[in-house]
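In my numbering, the protein residues as written are 126 to 512.
Beta carbons: idealized from backbone N, C-alpha and C, even for Gly.
Here is the structure we will look at.
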Amino acid sequence: MDELRSNVRRMLNNQDNIKIVGEARNGREAIDLVKELQPHVVLMDINMPEIDGLKAAEILAKDFPNVQTVIMSIQGEQEYFRRAMKAGAKDFLVKPFSTNDLVDTIQNVFNKWVKDRPELFENEPKAEILSFFSTKGGVGRTTLAVNLAASLVSKGKKVLLIDASLQFGDVAITLNQPAKRTIYQLVETGEEITLGEIEKNIITHECGLDLLLAPKEPAFAEAVKSEHILKIVEAVQTAYNYIIFDLPPSITEKELAILDRSTMVLLVATLEISSLKNTKICLKTFGDINFDLSKIKLILNKDIPNVGFGKEDLEAGLSIPVYATVPMESEIAQRSLNHGEAFVLKSPTSAIARSIIGMADRLVGITAGAQTSKSAIFKIKDLLFGS
């Protein structure tokens, strides 16, 4: 039994979304710990001493209906499965099992419970959804998205960065992160989009930032529909403090679906006359379609002093205040890009980094008290196991 607990612990130690909160040596101890800890999922060996797994599962189903029990057994016959289900277990694992089998079972049991009992989670805090948008390429939109996301992570926030520039996304190359898995792999299987399926296709950068990358080939972009993206948001919104989208410079059904769902739209512009012209057209278009303009925050990027046209001129020309100004520091930005690094982490005292860190501070201040830590219920599935 000690060996089984050790093996299960080893399998789950590297699972960021599963937290082991307790271990029990027998059925009676398991029941007592469930009463104390109220875990989401319990792994229970069928042959535990004092109170066996089936009897313990029956007690848990009666006294703790919101605790989901998974029975483990070396016997795989249908009769054992039937007895486990009758006792109130939600699934059955035949030993020996792989790490993937164990993790998938825990996630599937938890996800089904969440889906069946949505009223339990109506008041769960949900992620702030920030969308970086621009009317043309080359204004530094991706660089800002990556660095703001990294800065928020450095402040202890759980952040998912989604590269929604589906044809020519640059998040992967900006962070020197091989696109081993992308949003395309998530949707092309036709499987239901659940938190568990999404997590299989998320890549975690060394700084702790979670990435859902754009497809490797432009041809794959058409497979990703707006409904897919909205389902992704729905599935992960309680697993993160912030979901950040890097959008392409276009206004199609996909972009509008994301923009409508966003808490804040960070509209990136520069002091180039073409950027001013396109941004003005963009704002008019948003007004014409009755988009909520209060969500739009104008970001002046690559600001250069004394060029005859500045922040005040931009605000006057667009009739919208500048939310944040990011100075031009080409050398730091280019070196960061070439090395696949976030300059807010590698050069945090530079002016360009300080401006984005300040933006992150401002965002964290705005949302303080509206979110929970990483231990919110959708983010970590607390687990107790007895064997």
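- Message: So, for LEU277: in the same chain, excluding its five sequence neighbours on each side, which residues have a beta-carbon less than 6 angstroms away from its beta-carbon?
- Response: So the list reads VAL284, TYR367, ALA485, once near-sequence residues are dropped.
- Item | Close beta carbons around LYS506, own chain, < 8 angstroms, minus the five adjacent residues each side | With a pLDDT of only 44 at LYS506, under the threshold of 50, the placement of this residue in the model should not be trusted; the figure read from the coordinates follows. Within the same chain, Cβ atoms closer than 8 angstroms to the Cβ of LYS506 are found at ASN142, ILE143, LYS144, HIS165, VAL166, ILE231, GLN232, PHE235, the five residues on either side in sequence being excluded.
- Task: Decide if the segment 385-396 is in contact with the segment 251-263; the criterion is three or more beta carbon pairs, one per stretch, under 8 angstroms apart.
- Result: Because the criterion of three Cβ pairs below 8 angstroms is met, the segment 385-396 and the segment 251-263 touch.
- According to DSSP, is LYS144 helix, strand or coil? Three-state result, LYS144: strand.
- Task: Could you name each continuous beta strand (DSSP E) segment of 3 residues or more that falls completely within the segment 171-242, going from the start of the chain to the end?
- Result: For the segment 171-242, whole beta strand (DSSP E) runs of length 3 or above, ordered along the chain, are 193-198, 216-219.
- Task: Under 6 angstroms Cβ to Cβ from ALA346, same chain only, skipping five residues before and after it: list those, please.
- Result: Non-local C-beta neighbours of ALA346 in its own chain, meaning closer than 6 angstroms and more than five positions away in sequence, comprise LEU291, GLN292, PRO340, ordered along the chain.
- Task: For GLU466, count neighbouring Cβ atoms within 10 angstroms of its own Cβ and tell me buried if that reaches 16, exposed if not.
- Result: Of the other Cβ atoms in all chains shown, 16 or more fall within 10 Å of the Cβ of GLU466; this residue is therefore buried.
- Message: Cutting at 7 angstroms between CB atoms, please list the residues of its own chain near ASP241, excluding the five before and the five after it.
- Response: Closer than 7 angstroms at the Cβ level, and outside the excluded window around ASP241, lies no residue.
- Query: Exposed or buried, HIS330, counting other C-beta atoms within 10 Å across all chains shown (16 or more means buried)?
  - Reply: Counting C-beta atoms within 10 angstroms of its own C-beta, HIS330 has 16 or more neighbours from the protein chains shown and is therefore classed as buried.
- Item | Residues near ILE502 in its chain [Cβ-Cβ closer than 6 angstroms; skip 5 each side] | Confidence in ILE502 is poor, its pLDDT being 27 and thus under 50, which makes the residue's placement too unreliable to answer from.
- To which residues of the same chain is GLY178 closer than 6 angstroms at the C-beta, ignoring the five residues directly before and after it? Same-chain partners within the cutoff: MET169, ASP170, ILE171, ILE196.
- Message: Please confirm whether THR404 has its beta-carbon closer than 7 angstroms to some beta-carbon of chain C.
- Response: This model lacks chain C altogether; it includes just one protein chain.
- Check each candidate in GLU342, ASP371, GLN163 and name the one with the smallest Cα separation from VAL264. Ranking the options by Cα distance to VAL264, first place goes to ASP371.
- Would you say the segment 128-136 touches the segment 200-213, given that touching needs at least three Cβ pairs under 8 angstroms? No: fewer than three Cβ pairs fall under 8 angstroms.
- Item | THR450: first and last residue of the uninterrupted beta strand (DSSP E) it sits in | Unbroken beta strand (DSSP E) run through THR450: 447-452.
- Pick from ASN139, SER387, PHE189 that is closest to LYS420, judged by C-alpha positions: When each option's Cα is compared against that of LYS420, the closest is SER387.
- Message: Tell me the rounded alpha-carbon separation between GLU456 and ALA476.
- Response: Rounded to the nearest angstrom, the two C-alpha atoms are 12 angstroms apart.
- Message: With a threshold of 6 angstroms on Cβ separation, who are the neighbours of GLU316 within its own chain once the five nearest residues in sequence on each side are excluded?
- Response: GLU322.
- Residues of its chain near THR319, where Cβ-Cβ distance is below 7 angstroms and the 5 sequence neighbours each way are ignored: So the list reads ASN236, ALA360, once near-sequence residues are dropped.
- Where are the alpha helix (DSSP H) runs, 4 residues long or more, that stay fully inside the segment 270-302, in chain order? Qualifying alpha helix (DSSP H) stretches, in chain order: 296-299.
- Query: Thinking C-alpha only, which one of LEU336, ALA274, LYS379 is nearest VAL469?
  - Reply: When only C-alpha atoms are compared, the closest one is ALA274.
- Would you mind working out which of SER444, ALA441, ILE298, HIS353 sits nearest ASN463, comparing C-alpha positions? ASN463 has its Cα closest to that of ILE298, out of SER444, ALA441, ILE298, HIS353.
- Message: Just verifying my parser: in three-state terms, what is the DSSP assignment at PHE503?
- Response: Residue placement at PHE503 is flagged as unreliable, the pLDDT there being 31, under the threshold of 50; a coordinate-derived value is accordingly withheld.
- Hey, quick one: how far does the beta strand (DSSP E) through SER256 stretch, first residue to last? Per DSSP, SER256 belongs to the beta strand (DSSP E) from 253-258.
- For LYS422, write down the residues that DSSP places opposite it in a beta bridge. Bridge partners of LYS422 according to DSSP: LEU391.
- So is GLU128 buried or exposed if we call it buried at 16+ other beta carbons inside 10 Å? When all chains shown are included, GLU128 counts as exposed.
- Mind checking who TYR367 pairs with in its DSSP beta bridge? According to DSSP, which records beta bridges pairwise, TYR367 is partnered with GLU253, VAL284.
- Task: Look at ARG153 and ILE184 and say whether their C-beta atoms are less than 7 angstroms apart.
- Result: Result no, Cβ atoms of ARG153 and ILE184 do not sit closer than 7 angstroms.
- Task: Give the C-beta separation of LEU480 and ALA449 to the nearest angstrom, bearing in mind that I take them to be a contact with Cβ-Cβ under 8 angstroms.
- Result: Sequence check: residue 480 is Ser here, not Leu. Rounded, the Cβ-Cβ distance is 7 angstroms, consistent with contact.
- Task: Leaving out five residues on either side along the sequence, give the residues of the same chain with a beta carbon under 7 angstroms from the beta carbon of ILE383.
- Result: Excluding residues within five positions, the ones whose Cβ falls inside 7 angstroms are SER256, ALA289, ILE354, PHE370, LEU372.
- Quick one: Cα of LYS504 to Cα of ALA364, how far? Bear in mind that the predicted position of LYS504 carries a pLDDT of just 32, short of 50, making it unreliable; the figure below should be weighed with that in mind. Rounded to whole angstroms, LYS504 and ALA364 show a C-alpha spacing of 4 angstroms.
- Message: Please identify the residue among ILE357, MET453, LEU334, SER444 whose C-alpha is closest to the C-alpha of LYS409.
- Response: Comparing Cα positions, the closest option is SER444.
- Task: Name the one or two DSSP bridge partners that LEU336 has.
- Result: Paired residues: LEU286, ILE328.
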